[in-house]
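Protein chains in written order, with numbering that gives the first Met the number 0: chain R, 0 to 106; chain Z, 0 to 106.
There are 2 protein chains.
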Amino acid sequence: MPEVSSPVDVFAALADDSRWQVLAELGRRPASASALADRLPITRQAIAKHLRILADVGLVEPMKVGREIRYEAVGARLSDVARQLEKIAGGWERRLSRIKDLAEGDD
Amino acid sequence: MPEVSSPVDVFAALADDSRWQVLAELGRRPASASALADRLPITRQAIAKHLRILADVGLVEPMKVGREIRYEAVGARLSDVARQLEKIAGGWERRLSRIKDLAEGDD
DNA sequence: ATTGAGTGCAACCATAGAGTTGCATATAAC
DNA sequence: GTTATATGCAACTCTATGGTTGCACTCAAT
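Spelled out as structure tokens, the structure:
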């Protein structure tokens, strides 16, 4: 299963408060689902689902440590997304300035 | 009314295929909800909702042209988001390398 | 004034998903 | 082996939301 998923899925993963809380925690230090459950106001199972979603889009990465599965935040994936956005944004700006130049024209 | 909305809302706005179709169209050239309804497979009302959401987070901007409301894609807002992501990503990387250095330590 | 294109509002349906509880399974530690 | 901790799976609830249809409103043009 490829780690690259559609950009929309990444945004969907980033479009949830609980997931940002998880990411914030993991940004500080890697942690397991159970450990996160101690620090966050939702159940371990809910966190597990979030971790699954985040892992699917490559924003976090699991690693086995003893009998637990510790997750860490993957900054590189986030940079990826950022770069894609910059590219799209650039495209819009270029086309817009062109359009504003012609004042406006139909199809 | 501040144009800045919570990052999560922006991601939520970007987490929908139809909205990306809308953005793609508007990236090409500004258009009204009705015009978009001609080119997209969903109803004008659905598009209107999407435009509302996109406008709320500043990704598109409405401008009155005669009796229609034409929307244009705002690249600057997207760049904003991209920069925020880069910053967060950088933070993760820094902390991670530090952690990997110490091999690991509890709270 | 009438027409028609464009917009706005509201009710409604269906699905996705965030969260929960409960139970089963695996495994490190004793 | 037993125990305690960690994960995994499944069913269920509840709410958010993408999409629809239908109707009312606005306003430029004739």
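From the three backbone atoms N, C-alpha and C, an ideal C-beta is built for every residue, glycine too.
As the structure is a computational prediction, the values presented were derived from the model and not from experiment.
Asked, Found
"Tell me the residue span of the alpha helix (DSSP H) that contains A14 (chain R).", "Premise fails: A14 (chain R) is in no alpha helix (DSSP H) and is neither H nor E."
"Can you pull the chain R residues whose beta carbon is under 7 Å from the beta carbon of V80 (chain Z), in chain order?", "L84"
"According to DSSP, simplified to helix, strand and coil, what is S5 (chain Z)?", "coil"
"Give a yes or no on whether the minimum CB-CB distance between A36 (chain R) and chain Z is below 9 Å.", "no"
"With DSSP as the reference, label V73 (chain Z) as helix, strand or coil.", "coil"
"In terms of alpha-carbon separation, which member of R:E71, R:P6, R:G90, R:A81 lies closest to E24 (chain R)?", "R:E71"
"Compute the Euclidean distance between the alpha carbons of A45 (chain R) and Q44 (chain Z), then round it to the nearest angstrom.", "34 Å"
"May I have the straight-line CA-CA distance separating V9 (chain R) from V9 (chain Z), to the nearest angstrom?", "12 Å"
"Give a yes or no on whether the minimum CB-CB distance between V73 (chain R) and chain Z is below 9 Å.", "yes"
"Is the beta carbon of L84 (chain Z) closer than 9 Å to that of A81 (chain R)?", "yes"
"Run through DSSP, which three-state label would V56 (chain R) get?", "coil"
"Using a Cβ-Cβ distance under 9 Å, would L95 (chain Z) count as near chain R?", "yes"
"Name the residue from Z:R38, Z:R93, Z:V56 whose alpha carbon lies nearest to the alpha carbon of G74 (chain Z).", "Z:V56"
"Let me make sure I understand the geometry here. Which of Z:S4, Z:P6, Z:A12, Z:L50 has the alpha-carbon closest to that of V7 (chain R)?", "Z:A12"
"Would you verify that the beta carbon of L53 (chain Z) is, or is not, closer than 9 Å to some beta carbon of chain R?", "no"
"Is the beta carbon of L77 (chain Z) closer than 9 Å to that of W91 (chain R)?", "yes"
"Can you tell me the Cβ-Cβ gap for R94 (chain Z) and G65 (chain R), rounded? I've got them flagged as a contact below 8 Å.", "About 22 Å separates the two Cβ atoms, so there is no contact after all."
"What does G26 (chain R) reach in chain Z if we use C-beta pairs closer than 9 Å?", "I87, G90, W91, R94, L95"
"Does any residue of chain R bring its CB to less than 9 Å from the CB of A45 (chain Z)?", "no"
"Can you tell which of Z:S5, Z:P29, Z:A14 has the C-alpha that lies nearest to the C-alpha of K63 (chain Z)?", "Z:P29"
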